[in-house]
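Engineer: The following block contains the structure, expressed as structure tokens.
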Amino acid sequence: MCGLAGILGKSISDLQKKNVLNSIKHRGPDSSGVYTSKDITLIHTRLSILDVTKKASQPMIDKKTGIVILYNGEIYNFKEIRKNELNEFNFQSDSDTEVILKLYIKYGNKFVSYLEGMFAIAIWDPNKHKLFLIRDRFGIKPIYFFHYDKIFAFSSEIKPLINFNINPKIKKLNLINYLQFGTTSISNETFFENIFSVPSGTILTFYKNKKFLTKYWSLEKNLNNNFYNLDEHDVEKEFFNLTNKVVSDHLISDVPVGLTLSSGSDSQFILNSIKNISQQKIESFTYGFNERKYDEIRKIKKEKKDSQLIYNSIIVNSNTLIQDLEESIKDFESPIGGVGTLGMWKLMKLARKKKIPVLLSGEGSDEAFCGYKYYYYFYLWELYTNKKFDLLNKEVSYLKKEYGNNMNLTKEFIKKFVTKNMKNVQAPDGSSLEDKSFLTKNYQKYIKKNNPFANINFPDNFSCLKKRMYIDLFYLKIPKLLWFVDRASMSSGIECRVPFLDRRIIENSYSLPSSLLIKNGVSKNLIKSLLKKKLKIKSIRQQKLFVATPQREWIKHNLKEKFLNYVKNGYLVENKIINYNNLNKEYSQYCASSKLGNSFKFWKILNAEILCKTFFS
Numbered sequence: 000m001c002g003l004a005g006i007l008g009k010s011i012s013d014l015q016k017k018n019v020l021n022s023i024k025h026r027g028p029d030s031s032g033v034y035t036s037k038d039i040t041l042i043h044t045r046l047s048i049l050d051v052t053k054k055a056s057q058p059m060i061d062k063k064t065g066i067v068i069l070y071n072g073e074i075y076n077f078k079e080i081r082k083n084e085l086n087e088f089n090f091q092s093d094s095d096t097e098v099i100l101k102l103y104i105k106y107g108n109k110f111v112s113y114l115e116g117m118f119a120i121a122i123w124d125p126n127k128h129k130l131f132l133i134r135d136r137f138g139i140k141p142i143y144f145f146h147y148d149k150i151f152a153f154s155s156e157i158k159p160l161i162n163f164n165i166n167p168k169i170k171k172l173n174l175i176n177y178l179q180f181g182t183t184s185i186s187n188e189t190f191f192e193n194i195f196s197v198p199s200g201t202i203l204t205f206y207k208n209k210k211f212l213t214k215y216w217s218l219e220k221n222l223n224n225n226f227y228n229l230d231e232h233d234v235e236k237e238f239f240n241l242t243n244k245v246v247s248d249h250l251i252s253d254v255p256v257g258l259t260l261s262s263g264s265d266s267q268f269i270l271n272s273i274k275n276i277s278q279q280k281i282e283s284f285t286y287g288f289n290e291r292k293y294d295e296i297r298k299i300k301k302e303k304k305d306s307q308l309i310y311n312s313i314i315v316n317s318n319t320l321i322q323d324l325e326e327s328i329k330d331f332e333s334p335i336g337g338v339g340t341l342g343m344w345k346l347m348k349l350a351r352k353k354k355i356p357v358l359l360s361g362e363g364s365d366e367a368f369c370g371y372k373y374y375y376y377f378y379l380w381e382l383y384t385n386k387k388f389d390l391l392n393k394e395v396s397y398l399k400k401e402y403g404n405n406m407n408l409t410k411e412f413i414k415k416f417v418t419k420n421m422k423n424v425q426a427p428d429g430s431s432l433e434d435k436s437f438l439t440k441n442y443q444k445y446i447k448k449n450n451p452f453a454n455i456n457f458p459d460n461f462s463c464l465k466k467r468m469y470i471d472l473f474y475l476k477i478p479k480l481l482w483f484v485d486r487a488s489m490s491s492g493i494e495c496r497v498p499f500l501d502r503r504i505i506e507n508s509y510s511l512p513s514s515l516l517i518k519n520g521v522s523k524n525l526i527k528s529l530l531k532k533k534l535k536i537k538s539i540r541q542q543k544l545f546v547a548t549p550q551r552e553w554i555k556h557n558l559k560e561k562f563l564n565y566v567k568n569g570y571l572v573e574n575k576i577i578n579y580n581n582l583n584k585e586y587s588q589y590c591a592s593s594k595l596g597n598s599f600k601f602w603k604i605l606n607a608e609i610l611c612k613t614f615f616s
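Residue numbering for the sequence shown follows numbering that gives the first Met the number 0, beginning at 0 and increasing consecutively.
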């Protein structure tokens with residue numbers, strides 16, 4: 000992995016170049032480089048993963064054409080591309096970077112269709128006087144940009160843009176959306192005014208001081224219709240072969256590779272796929288808590304000791320929560336999702352200490368294979384509207400046995416839930432994340448005119464369940480998760496790979512009948528079935544844990560004094576965004592209640608306060 004940055008239309012001093020380099024050094028601690036020509040400066044820091052020699056250093060310049068590339072990511076099929084498509088070229092390195100550069104020279108922008116992997120690419124073509132910014136299909140790797148007057152700047156993170164002397168101002172609408180709904184990245188906007196991200200699956204062309212956005216890939220145009228007609232046995236066989244291939248590809252590296260490990264089906268699937276492929280020792284990394292019922296470390300250690308695994312773990316506790324949030328939010332440049340995200344951030348520091356610069360992680364499995372509880376409602380409504388009453392009754396029966404009175408399965412409730420929440424945010428268990436009671440009257444009036452979900456779209460020909468999965472994949476869940484994964488890992492110079500978000504897996508999982516994704520009341524049915532039948536894993540947690548951290552206990556008990564003191568004289572109160580008296584009353588009632596309840600509203604306020612204090616005070 001790497002850090003990249005650039006600016007057009009303005010020359011910058013050596014001191015500014017140094018400041019920009021330092022602001023992304025954590026993304027590429029191994030080496031750095033600068034390219035300057037007339038009114039363009041390109042900056043790169045490198046984390047060496049493939050071809051660790053200096054021959055693969057960046058910015059990389061093609062001697063014949065003068066074309067320059069900056070690249071952050073991993074192309075898993077670069078060797079096949081080089082062998083099959085680029086025989087006429089002489090190569091100076093064994094890197095995927097040079098393959099991308101030569102592929103662009105041969106095919107122009109069409110080159111991107113050949114790439115399998117995660118990537119953020121900047122190509123400067125001096126012959127056309129064009130800059131191209133290209134982001135992978137799901138936005139695993141970030142690129143941000145700023146365009147004002149005749150200045151265009153871009154970077155892997157937002158801090159380098161600030162170091163280009165771009166004065167940051169808060170995007171208040173996005174701050175309000177976060178406080179009300181908990182959203183961080185529904186669109187390509189950020190919490191910073193006039194700073195945007197390149198959309199996933201998109202090429203941004205900058206030419207003659209204008210931006211042009213071209214969508215080069217869409218899921219709905221690349222579904223595998225052959226999968227839909229296969230029986231369950233054949234689907235499992237095909238998916239097993241596919242996932243083995245994908246995981247094998249994600250292991251490509253010239254440096255050590257490990258994985259994040261929990262007791263959940265996603266990381267267990269990746270672990271056992273690796274073991275199915277290789278007999279080498281595997282470094283695993285797990286975070287846990289002192290609170291026993293939430294501690295993944297103890298759960299993993301209860302299982303039979305695996306001689307192929309080298310276990311690494313850390314305990315996350317509440318004693319340093321405020322300090323950890325201040326440090327991590329500076330790295331994340333946004334509020335963070337929860338204590339689990341903080342655990343991942345700390346875990347990456349351990350991986351760097353252990354000198355394991357590449358980790359595989361299970362993000363994306365819930366969105367690819369139906370892992371959230373609220374997906375049941377969309378599936379049941381799909382069965383009802385399609386008049387599949389036998390299957391509907393069967394699924395309802397299984398869910399009643401599993402959840403009893405904790406899940407409302409009446410037709411009236413399901414219809415209302417699906418209608419209201421197709422384009423809305425929920426916690427994994429389906430509960431609402433929306434709250435505005437603590438906002439001042441001025442801002443409560445303001446948000447009535449605003450609908451952050453208005454521009455969410457989905458393919459009309461998708462089923463009810465697939466529509467909601469699609470929305471989570473491209474709007475509500477995955478963009479936020481990938482932001483967190485990138486910042487948590489790259490802040491410590493770790494490359495985090497997410498096999499479940501490989502194009503081949505997503506295109507095929509979204510091509511499957513819904514009845515193979517949810518079956519007999521079991522979410523992520525296909526993954527769990529493969530674990531049992533193909534990977535011979537007997538002990539599998541059938542249902543997802545929807546509260547997996549002690550965040551509620553910490554906010555309710557451990558932070559009781561610190562929380563109100565931190566917020567009382569802060570940015571949100573001073574700028575009359577939140578009503579402190581209302582907040583104080585609600586928080587006191589929450590702390591006094593015997594129920595753990597929903598702590599997310601207080602988590603949002605604490606995160607928003609730290610974000611504003613860090614970047615905008």
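Heads up, the beta-carbon is just placed ideally off N, CA and C, and yes, glycines get one too.
Please read these numbers as outputs of a predicted model, since none were measured by experiment.
1) Quick test of the definition: if touching needs 3 or more C-beta pairs under 8 Å, does the region 239-254 touch the region 473-485?
2) Within 10 angstroms of its Cβ, does N606 collect 16 or more other Cβ (buried), or is it exposed?
3) What are the residues that DSSP puts in a beta bridge with A152?
4) Is the beta carbon of I314 closer than 8 Å to that of F288?
5) Can you check DSSP and say which residues form a bridge with W123?
6) With DSSP run on the structure shown, which of helix, strand or coil describes Q279?
7) Compute the beta-carbon to beta-carbon distance between V357 and P255, rounded to the nearest angstrom, for a pair I have assumed lies under 8 Å.
8) Between which two residues does the alpha helix (DSSP H) containing L529 stretch?
9) Assuming F145 and L132 make a contact with CB atoms under 8 Å, what is their CB distance in whole Å?
10) Under three-state DSSP, which class holds N176?
11) What is the DSSP secondary structure of Y509, reduced to helix, strand or coil?
12) For K17, tell me which candidate among K386, N564, T40 has the shortest Cα-Cα distance.
13) Would you mind working out which of F180, I139, F239 sits nearest F437, comparing C-alpha positions?
14) Using a threshold of 8 Å, state whether the C-beta atoms of F137 and S217 are closer than that.
15) According to DSSP, is M343 helix, strand or coil?
16) Compute the Euclidean distance between the alpha carbons of K301 and S262, then round it to the nearest angstrom.
17) Out of A591, N187, L472, which one is the CA nearest neighbour of C369?
18) So, is R551 buried or exposed, given that buried needs 16 or more other C-beta atoms within 10 angstroms?
19) Which class does Y375 belong to by DSSP, given the choice of helix, strand or coil?
20) Thinking C-beta only, is K54 closer than 8 Å to Q91?
21) Answer yes or no: do I504 and Y374 have a C-beta to C-beta separation smaller than 8 Å?
22) According to DSSP, which residues form a beta bridge with K300?
23) Buried or exposed: where does F97 fall if 16 or more other Cβ atoms within 10 Å of its Cβ makes it buried?
24) Mapping DSSP to helix, strand and coil, what is N86?
25) Are the beta-carbon atoms belonging to E156 and N173 less than 8 Å from one another?
26) According to DSSP, is R486 helix, strand or coil?
27) If you count every other CB in all the chains shown that lies within 10 Å of the CB of S22, and 16 or more means buried, which is it?
28) Secondary structure at P198, three-state DSSP: helix, strand or coil?
29) Would K210 pass as a contact of L203 if the rule is Cβ separation under 8 Å?
30) Pop quiz: E366 and I477 are said to be a contact at Cβ under 8 Å. What is the actual Cβ separation, rounded to whole angstroms?
31) When the Cβ atoms of the region 415-424 are set against those of the region 443-463, are three or more pairs found closer than 8 Å?
32) Please report how far the alpha carbon of D29 lies from the alpha carbon of F238, in whole angstroms.
33) Return the CA-CA distance between I175 and N316, expressed in angstroms with no decimal places.
34) Count the other CB atoms, across all protein chains shown, that sit within 10 Å of the CB of Y442; report buried if there are 16 or more and exposed otherwise.
35) Whose C-alpha, out of L270, Y570, E295, is nearest the C-alpha of L308?
36) Whose C-beta lies closer than 8 Å to the C-beta of S514 among residues of the same chain, with five residues either side of it excluded?
Structural biologist: Here's the rundown:
1) no
2) Around the beta carbon of N606, 16 or more other beta carbons lie within 10 angstroms, which makes this residue buried.
3) I6, F145
4) yes
5) V67, L130
6) coil
7) 7 Å
8) Segment 524-532, the alpha helix (DSSP H) holding L529.
9) Between L132 and F145 the Cβ distance is about 12 Å, and since that is not below 8 Å, they are no contact.
10) helix
11) coil
12) T40
13) F180
14) no
15) helix
16) Taking the straight line from one Cα to the other gives about 10 Å.
17) L472
18) buried
19) helix
20) yes
21) no
22) K300 pairs with nothing; no bridge assigned.
23) Residue 97 is actually Glu in this sequence, not Phe. Label assigned to E97: buried.
24) coil
25) no
26) helix
27) buried
28) coil
29) yes
30) 6 Å
31) The answer is yes - the region 443-463 touches the region 415-424, with three or more Cβ pairs under 8 Å.
32) 37 Å
33) 29 Å
34) buried
35) Nearest Cα to L308 within the set L270, Y570, E295: L270.
36) L390
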